[in-house]
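Below you'll find the structure, written out as structure tokens, and then a few comments.
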Amino acid sequence: MNANGRARTDAHWPAIRFTVNGEIRTVNVPPMKRLLDVLREDLHLTGTKEGCGEGECGSCSVRMNDELVNSCLVPVLQAEGADIQTVEGLALDGELHPLQEAFLQNGGAQCGICTPGMLMAAAQLLAHRPHPSEAEIREGLAGNLCRCTGFVRIFESVAAAAGASESEPAKESVKEPKMEQTNHAR
Amino acid sequence: MRGNAEMHSLVAPGTLGAVLDLLAAEPGQWTPIAGGTELMVAFSAGRLNAAKLVNLWGIPDLRIIEVTPQSVAIGAASTFLDLRKHAVINAELPLLAKAASWIGSVANQSRATLGGNLVNGSPAADSSPALLAYDAEIEIISVRGRRKVPYSEFHTGYKRNVLAADELLYAIHLPRRFARHRQYLRKVGTRRAMAIAKVALGATALLEQGVLRETRLGAASLAPYPTRLKQTEAALLGQPPTRETVLAARRALFAEVQPIDDIRSTAEYRRRVAVNLLEEFLLELRREGSRP
Amino acid sequence: MSTHATTRIVGTSVPRKEGVDKLVGRACYVDDMEREGMWYGATVRSTIPRGLIRSIAFDRRIDWSQFTVVTAADIPGENIIQLIIADQPCLADGKVNHCEEPILLLAHPDKHKLREALGGVKIEYDPLPPVFSIEESERQDLIVWGADNLLKSFLLEKGDVDSAWARAANIVEGEYCTGGQEHLYIENQGVIAEYSAEDEVTVWGSLQCPYYVFKALRGVFDLPEDKVRVVQTETGGAFGGKEDYPSILACHAALLAKKSGHPVKMVYDRMEDLAVTTKRHPARVRHRTALDKNGKLLAMEIHLDTDGGAYATLSSTVLSRATLHSTGPYLCPNVRVRAHSWATNHVPYGAFRGFGAPQAVFAMERHMDEVAAALGLDPIELRRRNFLHEGDTNATEQLMREPMMLDQLLDRALQESDYHAKRSQFARENARNPVKRGMGIAAFYHGSGFTGSGELYLNSLGGVDVTPEGKVRVLVSNTEFGQGTNTILTQIAAEALGIEYSDVTMAAPDTNMVPNSGPTVASRTSMVVGRLIERASLQLISLLREQANLGATYTREEFLAACERYRAAHGELSSMCHYEAPPGIYWDDQKYHGESYGAYAWAIYVAQVAVDTVTYSAEVEDFWAVQEVGRVLHPVMAAGQIEGGIAQGIGYALYEKVVLADGRMTNNQMTNYIMPTAEDVPPIHVYFEEIPFRYGGFGAKGIGELPHDGPAPAILNAIRDATGVSFTSIPLLPEDLYAGLAASQPVEEPALP
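Protein chains in written order, with my numbering: chain P, 10 to 195; chain D, 6 to 297; chain F, 92 to 844.
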């Protein structure tokens, strides 16, 4: 135990090596430690969140070897040699990823706690289905629970990002809301 | 989070042979872990009693899907996403592909394995009704050799199966002879995704000269483990799918199943929905049967 | 100025103020935070619902010297969580009144040792008989709270109900029940507390109301204002669940921090959060309604009862809102509402979006359909004949002075949903289809802000200041937890000041830095606090005009220059305002009479539901929401609030059940507490009408809670339309639908046509 009272990452534990967001990382932690905890505690990548610890809410979703996984259910030993992407790896050189831009314009994030996992699930979906139907979007995101949005604007954000991949995304645009208002000021 | 990673050993011998040697050397001491979608939930909840775990993830021998003219052999550590992507499974074993798409979410399907689903042995196992309807065979391996067991005999009680202390579930074999069978699979859960089955029914049946031959009914959550509904099958065998047959089958199924009340649903609901599912299948047969 | 002027920023969908941080994983929630030397805290809780604590023993195999242990004896101030009634202890002292009641606290630097230690505390009890239902509590055979189990009661009367029955052409009765509901914010509750001799208590946490926590800490520690500091961290969803509960968690962590000499983090895991925190009050509502021969309401008698759980928490105010929403958007000359909140030995219930209105509206709107059926009237027509209009008085005899458009909202809802055509179509198709479809409607309102004189009592203080760097800051204690507080308040300030959205930021939600502008609840932020910020901004302009030569018109640069001039001459530049009630507000808290709310949002919701007679499950296939909400400050966010609230309302109706056994929640995992997923939510069509309210921020009224009121009754009305069977209780699960539709059918009877 170190001065902070935390269990030390110790040479006692064999090294486990994997790539996160393009960088090779090595950790010496118990092999059963959850990948989620390794990301957050050992690598200080706190973007990935814990919502349930049961693989139900998806807020811990990351991409591992081009598949979507719930990192709360992956013992870190099984990440040996893996290529992992977290939300911190989406934006490139300070530029928002089209998905992030689309969520920003379309109200895809409210409280934001489900957002990292949701973006990972959406990124995984678009990587394999660049132009998904609404049913495919719903299925791709079915493992990511959002309690704030009712999912509507998340679907729209993903569809917008899929559409934006066909042309330059408009930087200044403010998306026209998909609902109607009538003003009766007297 | 109630699990302590330091209290568990997780070893990765790396090859199937090395895993089997370990299981033989210390029988009953090592719990195999593949995708971890069940064991890691228990771990996080502080309920993982297994102190020693042996890793199956990443062992190629366990994740091969081999197609021969007679059968499809699915390695036990094949994930549900592997099943969904497989052309022959989609074409010839659609109930299994369907079941694979209903398990959890995409993130669960990329990790949950067919073998894990069976060895975990929940009466609600998503893949079981399809495997029962397809007359699947389980291949078991140990240092002592291999053996096969019909899947319908694999489970022996609530979360109990025929595996000996040194044995590993190796592959699941499905015969490729259902091209002419009528097929049905429906799962009833608490919601459309991420739902444990309250009840599920899988069925394959051959309709020849207007009568039912070779009917196999596999059910989830209607008994302590996934089971074939043999009495109901008997009520259907040799019968035309008439209204009378439907009513007789409903009665047989109603009497045969042993659902329970639990946190997800009630025995009464499960029993009633099960007979409705059966009826839905039989009515499909009637409709199809009446077409030229 | 505000409500009618053309605006540049208010009314547009600017990017969420803290949006980028949330999208790149930079937003810092409490579990992302660490403090130097931090320990972890855990709670030892009651395993029985009611009884005396006979003994507490510590397992000798554990080295307790490594741990900090806190009991009620360690509390420096009062062992009470300050809220409304002083009945809830911070830590149980000799007696417990609900399962999971906190008894003692442990802290240790190692999370695993802490968990082991929890199992090493052995508590023995002398159990007492518990009460677990409204019925048991109101019988008063067993008294578990106060003298009579009654946490609160209200009597609301208008006209003369008793004489109306004789004149009635029709009298219709009904009983409607709603279950508990869990907030299921995706971020579990958590705080970090720190104690120092100099500053005393500091708490960071996931919370809605920094000043509620502040007040609770002051009480438990007996500290003056300058020795307590509360800072809200980025909060991952709240919905009312983080209105009062964080006060408890904060006091716990702070007690451990003080005694251990270390900062202490206490973050619940999901199983603990589900089991121990507050839920929506279950309710039972009984209606007795008299109508004349034309289907016009003559009298309504309503008995409304809630289960408050073991301690009062917010039961009185929830009951108040339920009472004031119980009679619906209808004109009724004679009304009596008797409302009671009963104590039981359940985990205390608390605030949840809607705050009594979802329960009351469910009952009223289900009942209207039952009344329509009894009278042989179309449910649409019945409502139309009875809608409130401008110039009418409501149940508390408040004159509806603001323009009203319920008829037009209804017309719009019927048109957009194609209600009549669909209803006819489904009626034809249902006979031959195992899936039965129906359309259902709900008409309702939601009062914005605190009831009656509540806002005067709160006396909110808020405003703006300008930093040396030329940034305008909004200074309020109102918090962001997804619903858009940061964005709308900075929009309002930027608009009123005539500068850019990017020029304005929110001051950190830190009680050391911001005044008490009231809690972030009751749909008051855009209307009440928004107006405060608008006024403070205009006041700032006046100040600059008077004292810094700001012209009658000015550019953004001239504004900033004037600020600099002012600061050079006077030091700080700020403008604060106290709440000002709209003129003519009259409210009698004894008689429950007068202006119950300053403003109302009005809505008509329509649900299209499919009931599968093979599986007895009901699914919402489509949903239309038409509402008049005053000025829409941010179209995308406003729609997002409606959509999110509707999804929660769908959960409330069809999916979410708190399963209790012996006072304990048995389905305290996300695998068993079922909320709708992305595959379950229907398309949701949102339509806003705007009648700007002159006393709201740029004309805004509240919208946060409105959308949770309508879905459940609309859905169950649709199920009645689809099946012909009346269901009066939620959550309505397939097992319940089965009981109503088919349980009496013999097994030989086919399910399918």
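By construction, the Cβ of each residue, glycine as well, lies at the ideal position given by its N, Cα and C atoms.
The structure displayed is predicted, hence computed values, not measured ones.
F/Lys-356 is bridged by DSSP to F/Tyr-131, F/Ile-283. Between D/Ser-110 and P/Ala-151, the CB-CB gap stays under 7 Å. Here F/Cys-668 carries a strand assignment [DSSP, helix/strand/coil]. DSSP places F/Met-391 in the uninterrupted beta strand (DSSP E) bounded by 388-400. Going by C-alpha positions, F/Met-357 is about 15 Å away from F/Ala-208.
For F/Leu-745 against F/Ala-709, the beta-carbon gap comes to about 6 Å, under 8 Å, which counts as contact.
Annotated three-state conformation of F/Ala-533 is strand, per DSSP. As DSSP reads the structure, D/Gly-207 sits in a beta bridge with D/Leu-190, D/Gly-223.
Ranking D/Asp-267, D/Ala-112, D/Gly-126, D/Ala-210 by CA distance to the CA of D/Ala-239 puts D/Ala-210 first.
The distance from the Cβ of D/Ala-81 to that of D/Leu-119 is about 6 Å, consistent with a contact at the 8 Å cut-off. Considering only beta carbons, the part of the region 742-775 of chain F lying closer than 7 Å to chain P consists of Gln-760, Met-761, Thr-762, Met-766, Thr-768, Ala-769, Glu-770, Val-772, Ile-775, in chain order. Assignment of beta-bridge partners to P/Pro-84 by DSSP yields P/Arg-43.
Going by DSSP, D/Leu-28 is part of the alpha helix (DSSP H) stretching over 21-30.
In the three-state DSSP reduction, F/Ile-172 falls in the coil class, being neither helix nor strand. Under the Cβ criterion of 7 Å, D/Phe-183 is not counted among the residues facing chain F. Counting other Cβ atoms within 10 Å of its Cβ, F/Ala-148 stays below 16 and is therefore classed as exposed. F/Gly-742 sits in a helix when the DSSP states are folded into three classes. If you compare the alpha carbons of P/Asn-115, P/Gly-172, P/Lys-42 with that of P/Ala-88, the shortest gap goes to P/Lys-42.
Secondary structure remark: continuous alpha helix (DSSP H) runs of at least 4 residues inside the region 574-652 of chain F, in chain order: 576-588, 621-638. Annotated three-state conformation of D/Val-124 is helix, per DSSP. If the five residues before and after F/Leu-634 are omitted, its C-beta is found closer than 7 Å to the C-beta atoms of Ser-666, all from its own chain and listed in chain order.
For F/Phe-158, no beta strand (DSSP E) run applies, since DSSP gives it neither H nor E. Within 10 angstroms of the beta-carbon of F/Met-530 lie 16 or more other beta-carbons, which makes it buried. The three-state secondary structure of F/Pro-767, taken from DSSP, is coil. Close to P/Val-83, with beta-carbon spacing below 8 Å, are these residues of chain D in chain order: Gly-41, Met-45, Arg-116. P/Thr-158 belongs to the set of residues whose beta carbon lies under 7 Å from a beta carbon in chain F. Non-local beta-carbon contacts of F/Gln-732 in its own chain, meaning distances under 7 Å to residues more than five positions away in sequence, involve Gln-574, Ile-794, Gly-795, Pro-798 in chain order.
By the criterion of a C-beta distance shorter than 8 Å, F/Asp-290 is surrounded in its chain by Lys-318, Arg-320, once the five residues flanking it on both sides are discounted.
Chain-order list of chain F residues neighbouring D/Ala-112: empty, with the shortest C-beta distance near 13 Å, by a criterion of under 7 Å. Ranked by how close their Cα comes to the Cα of F/Glu-826, the residues F/Val-772, F/Gly-740, F/Thr-704 have F/Thr-704 in first place. Under DSSP, D/Asn-281 takes part in no beta bridge, so it has no partner. Under the 10 Å beta carbon count, D/Met-12 is surrounded by fewer than 16 other beta carbons and is classified as exposed.
Taking C-beta atoms under 8 Å as the contact rule, F/Glu-770 and D/Ala-228 fail to qualify, at a distance of about 28 Å.
At a beta-carbon threshold of 8 Å, the residues of chain F lying near P/Ala-151 are Thr-768, Ala-769, Glu-770, ordered along the chain. As the crow flies, the alpha-carbon of F/Trp-295 is around 10 Å from that of F/Pro-337. Contacts with chain F at 7 Å (Cβ-Cβ) include P/Cys-66.
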